[in-house]
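Read in order, the letters of the sequence shown are residues 1 to 152 in the numbering used here. Glycine included, C-beta positions come from ideal geometry on N, C-alpha and C. Quick caveat, the model's predicted, so the values are computed rather than measured.
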Amino acid sequence: EETNVYEAIKEMTGGRGADACIDAVGMEAHAANAWHTYDKIKSSLMMETERPAVVREAIMCVRNGGTVSIAGVYGGFMDKFPIGAVVNRSLTIKSGQCHVHRYMRPLLQRIENDEIDPSFVITHEMNLDDAAEGFHKFLHKEDDCLKVVMHP
């Protein structure tokens with residue numbers, strides 16, 4: 001079932017919009033509206049730029065003066081970025097990638113201590129020998145692949 005995110009957030013916030021929105025998807029995002037068609041046409045014409053569906057939606061869903069944080073990974077240029085909405089609505093854009101090494105050890109410790117259960121994101125488990133197949137499934141989102149855990 002598809003949900004109109006913009007309408008849902010406006011309804012939940014009494015028409016105001018979210019205080020903050022986070023794009024943690026980045027270039028893997030796929031729009032569920034007319035932008036999806038636009039992005040597909042660009043790809044078919046080999047006019048590769050980023051697919052900013054999530055960041056565009058975040059900008060539209062955040063309240064005036066709100067914050068959009070971009071932790072998702074983008075590798076190149078982005079077109080159809082609503083800079084007018086950012087400026088005219090006094091939005092703050094924050095970006096940057098997580099410092100993985102800084103958080104890895106304490107997070108793994110919390111998983112080992114059963115304080116955090118990551119199983120909700122693990123969709124596939126495979127032997128390390130099948131790493132190429134696992135990456136293929138992840139890359140092409142086969143079998144609703146989200147995260148693959150590799151076992152030695």
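message = Since residue 21 and residue 62 should fall inside the 8 Å C-beta cutoff, what is the C-beta to C-beta distance between them, to a whole number of angstroms?
response = Rounded, the Cβ-Cβ distance is 5 Å, consistent with contact.
message = For residue 14, count the other beta carbons within 10 Å of its own beta carbon; 16 or more makes it buried, fewer makes it exposed. Which is it?
response = Residue 14 comes out exposed.
query = Going by C-alpha distance, which of 3, 25, 82 is nearest residue 146?
reply = Considering only 3, 25, 82, the residue with the shortest C-alpha distance to residue 146 is 25.
8 Å CB neighbourhood of residue 144 in its chain, flanking five on each side removed = The residues are 123.
task = Determine contact between the segment 67–87 and the segment 107–117, defined as no fewer than three beta-carbon pairs at a distance below 8 Å.
result = The count of Cβ pairs closer than 8 Å, one atom from the segment 67–87 and one from the segment 107–117, stays below three, leaving the stretches out of contact.
task = Take the Cβ of residue 68 as the centre, count every other Cβ of all protein chains shown within 10 Å, and call the residue buried at 16 or more, exposed below.
result = Buried.
message = Measuring alpha carbon to alpha carbon, tell me which residue in 94, 93, 95, 116 is nearest residue 104.
response = The residue with the shortest Cα to Cα distance from residue 104 is 116.
query = Leaving out the 5 sequence neighbours to the left and right, which residues in its chain are closer than 7 Å to residue 152 when beta-carbon positions are compared?
reply = Same-chain partners within the cutoff: 128.
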